[in-house]
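In what follows, a structure is listed as structure tokens, so that the remarks can point back to it.
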Amino acid sequence: MALLSLLMKQLLQPFMDTSEIYNLPLFISFLLLILSLTLPRLLKTTRRSSDHLNLPPSPPKLPILGNLHQLLGILPHISLKALSERYGPLTFVSFGNSPTLVVSSVELASEMIKTHDTVFSNRAKTTAANILLHECRDIAFTNYGGLLNLTEMLLAVSNNIVSRCVIGRKADEEEENIGKSNKYGELLRRLEEQLAAFCIGDMFPSLGWLDDLSGLIGRLNATARALDALLDQVIEEHINKVLSESADVDDQSDKKDFVDVLLHLWKDSMLGTELSQDNLKAIILVCLFLLTS
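The numbers in the sequence shown follow the working numbering, run straight up by one, and end at 973.
Dropping the structure here:
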């Protein structure tokens, strides 16, 4: 306790120089940062019941950081392998405030993926995926349910097509009313880069405001709006094309691309589940992304 008091005194010493009034805002900011980090943990501790979960072995963790300090280096998977060799094939770690189960055994992974697939089928929804993929309504990030049952049918169709077959145009084709910086290829490259973006709020939910402050949320929203405008235009063009086509042309199924088929199935309620236009846009976006990544 004395050591902690001494440490806090050393940390606060630069802020306590009363001869320089400009230190006061910095001192207040420092206190707010400490409160935002410690208050949620204190509230959680006070509400914790006496019953403890039967969790797998876990390496010692630091306050706030959890086990992030044990993943330092350019090869985090090597660090995880070293932890599994010490603590077992099932290791419970904390990435910041996010509890994570590390499975390093083929047998256990098979048991989880095959036998208990419905329990472990949902993916973690990151900030980037939530913004860029219409609140994770696509196939990859959506929760287990009716939409996931469409995966095999949709992927069987998309495996044998290219970007022109998806939306009837080349992936790098430029739209005059969207702008030179928002070509298909450029937007999809931004999507691939930003989906892997590190958001502080994913590890430390109480510090999610730092993502706004850094401009990351603004960049994600800008890309999401550009993609949304592009996909809205693609869907609108295909709907107008269907309305303007004659019956003879409409019967020529070899003239239809993926979006035409998807809209036809959607219109006739042949997908087996209700999809919104955001679902359609997310599915089209994932197909384009997979074809160009």
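By construction, the Cβ of each residue, glycine as well, lies at the ideal position given by its N, Cα and C atoms. None of the values given here were measured: they were computed from a predicted structure.
task = Spell out the partners DSSP gives residue 742 in its beta bridges.
result = 746
ask   = Exposed or buried, what is residue 962 when buried is set at 16 or more other beta-carbons lying within 10 Å of its beta-carbon?
value = buried
ask   = Does the Cβ-Cβ distance between residue 763 and residue 739 come in under 8 Å?
value = Cβ distance < 8 Å, so residue 763 and residue 739 count as in contact.
task = Can you give me the Cβ contacts of residue 880 inside the same chain, cut-off strictly under 6 Å, excluding the 5 residues immediately before and after it?
result = If we look at residue 880 and ignore the five residues flanking it on each side, its Cβ neighbours are 887, 890, 891.
ask   = Leaving out the 5 sequence neighbours to the left and right, which residues in its chain are closer than 8 Å to residue 943 when beta-carbon positions are compared?
value = Setting aside the 5 residues that flank it on each side, residue 943 is surrounded in the same chain by 915, 918, 919, 922, 960, each with a C-beta closer than 8 Å to its C-beta; the list follows chain order.
Ordered list of alpha helix (DSSP H) runs contained in the segment 797 to 823, each at least 4 residues = 797 to 800, 807 to 812
message = Let me check understanding here. Comparing Cα to Cα, which of 940, 810, 958 lies closest to residue 900?
response = 810
query = Considering residue 938, what are the terminal residues of the alpha helix (DSSP H) in which it resides?
reply = 938 to 947
task = Output the distance between the C-alpha atoms of residue 955 and residue 765, rounded to the nearest integer angstrom.
result = 45 Å
task = Grab the span of the beta strand (DSSP E) containing residue 733 for me, first residue to last.
result = Here residue 733 belongs to no beta strand (DSSP E), and DSSP marks it neither H nor E.
Bridge partner(s) assigned by DSSP for residue 771 = 782
ask   = So, using beta-carbon positions, are residue 751 and residue 776 closer together than 8 Å?
value = Contact flag unset, no.
inquiry  = Let's test the definition: count the other Cβ atoms within 10 Å of the Cβ of residue 691 and tell me whether it reaches 16, buried, or not, exposed.
reply    = In this prediction, residue 691 has a pLDDT of 48, which is less than 50 and means its spatial position is unreliable; what the coordinates show is noted afterwards. Counting Cβ neighbours within 10 Å, residue 691 comes out exposed, since fewer than 16 surround it.
inquiry  = With the cut-off set at 8 Å, would you say residue 969 and residue 871 are in Cβ contact?
reply    = yes
ask   = Which term fits residue 758, buried or exposed, when burial requires 16 or more other beta carbons within 10 angstroms of its beta carbon?
value = Counting Cβ neighbours within 10 Å, residue 758 comes out exposed, since fewer than 16 surround it.
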